[in-house]
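A.B. asks:
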Amino acid sequence: MINTIAIHEFKSLFLSPLAWTVLAILQAILAYIFLTQVETFNLIQPKLATIEGAPGLTDIVVIPLFSNAAIILLLVTPLLTMRLICEDRRNKTLSLLMSAPISSADIIIGKYLGSLGLLLILVVLITLMPLSLLVGCELDMGKLFSNLLALMLLVTAFTSTGLFMSTIAGHPTVAAMGTFGVLLLLWILDWTTSMNDQRSELLEYLSILRHFQNLQSGQLNTADISYFLLFTMTFLFLGISSLNKDRL
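Below, the structure written as structure tokens:
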């Protein structure tokens, strides 16, 4: 049943004009950023050749591309997940779905996988841009893989947050604003700790940005990977618990 719900949700999002519009705009912005970074690298390459231990193509082009992609996904994910549950609730289709012999966990996981599938397609399209450089250049494949992994884990966390907010919101707009607010707060926690003289280990651990940047640097620490997995599982559990209340 999870597969059926996931496929249905993926098709609904894939055929949605909003999804295509958002993805097209996002891809255009990132393509512009990518080409700008490549041009910048070409301009400074003669100077870099004279510097020992200078940053390479991966540091100047690939890492900034994935960093910008993460920020844009922070804005885009709430728009793509805002209708997952609350729209069904408003259209009275959620009550029909819940009257069937389907558990709340199946509904949440199915919708989560369906929406995640669309966003992972975007991650693949983003990754194809730096891979195109392999035709005539060399890349640090280790750093490229770590950036890909970091962005995939970030998307899984963002999607679970958006799905949870959609279960508790009464309107898609409210769900989108709530998702953006939560993600933005967790994103800037690292900024607030760096601005204060007194560091908080708890705030540093809760910061999405810190764990994302750790993975971007090429350091595949199990603590960072575990953070994203725990983050995702927590919001999925909260979504299931919230949906169970609708059955009461």
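Residue numbers (our numbering): 1320 to 1567. Backbone N, C-alpha and C fix where the C-beta goes; we use that ideal spot for every residue, glycine too. These numbers come from a predicted model, not from an experiment.
(1) Which first and last residues belong to the alpha helix (DSSP H) in which leucine 1394 is found?
(2) Look at the Cβ atom of alanine 1542, then the Cβ atom of leucine 1473, and state whether they are nearer than 9 angstroms.
(3) Check the C-beta distance from leucine 1441 over to threonine 1478 and give it rounded, since I have them as a contact under 8 angstroms.
(4) Report the option in Glu1457, Ala1347, Ser1434, Asp1509 whose CA atom is closest to the CA atom of leucine 1482.
(5) Quick check on glycine 1497: does DSSP put it in helix, strand or coil?
(6) Ignoring anything shorter than 4 residues, give me the alpha helix (DSSP H) runs that lie fully in the segment 1409-1475, in order along the chain.
(7) Please state if the CB of lysine 1411 and the CB of isoleucine 1324 are separated by a distance shorter than 9 angstroms.
(8) Using the Cβ count rule (16 or more neighbours within 10 Å means buried), how would you classify leucine 1367?
(9) What do you reckon, are the CB atoms on leucine 1403 and glutamate 1520 nearer than 9 angstroms?
(10) Tell me the DSSP secondary structure of isoleucine 1370 in three-state form.
C.D. replies: Answer, in terms of the structure:
(1) Mapped onto the sequence shown, residue 1394 falls at position 75. 1382-1400 is the span of the alpha helix (DSSP H), which, as asked, contains leucine 1394.
(2) Residue numbering aside, residue 1542 sits at position 223 when the sequence shown is read from its first letter. Residue numbering aside, residue 1473 sits at position 154 when the sequence shown is read from its first letter. Their beta carbons are not under 9 angstroms apart, which means alanine 1542 does not touch leucine 1473 by this criterion.
(3) Indexing the sequence shown from 1 puts residue 1441 at position 122. Indexing the sequence shown from 1 puts residue 1478 at position 159. With a Cβ gap of about 11 angstroms, leucine 1441 and threonine 1478 do not count as contacting.
(4) As a first step, residue 1482 is located in the sequence shown; it is residue number 163 there, counting from the start. Measuring from the Cα of leucine 1482, the nearest candidate turns out to be Ser1434.
(5) If you number the sequence shown from 1, residue 1497 lands on position 178. Reduced to three states, the DSSP call for glycine 1497 is helix.
(6) Those alpha helix (DSSP H) runs which fall completely within the segment 1409-1475 and span 4+ residues are 1412-1418, 1423-1450.
(7) Against the sequence shown, residue 1324 aligns to sequence position 5. Against the sequence shown, residue 1411 aligns to sequence position 92. Not in contact: isoleucine 1324 and lysine 1411 (Cβ atoms no closer than 9 angstroms).
(8) For the purposes of this step, residue 1367 is taken as residue 48 along the sequence shown, with counting starting at 1. Exposed, by the Cβ-count rule.
(9) Along the sequence shown, read from residue 1 onward, the residue named residue 1403 stands at position 84. Along the sequence shown, read from residue 1 onward, the residue named residue 1520 stands at position 201. Not a contact, by the Cβ cut-off of 9 angstroms.
(10) Here residue 1370 corresponds to residue number 51 of the sequence shown, with the count starting at 1. DSSP, read as helix, strand or coil, puts isoleucine 1370 in coil.
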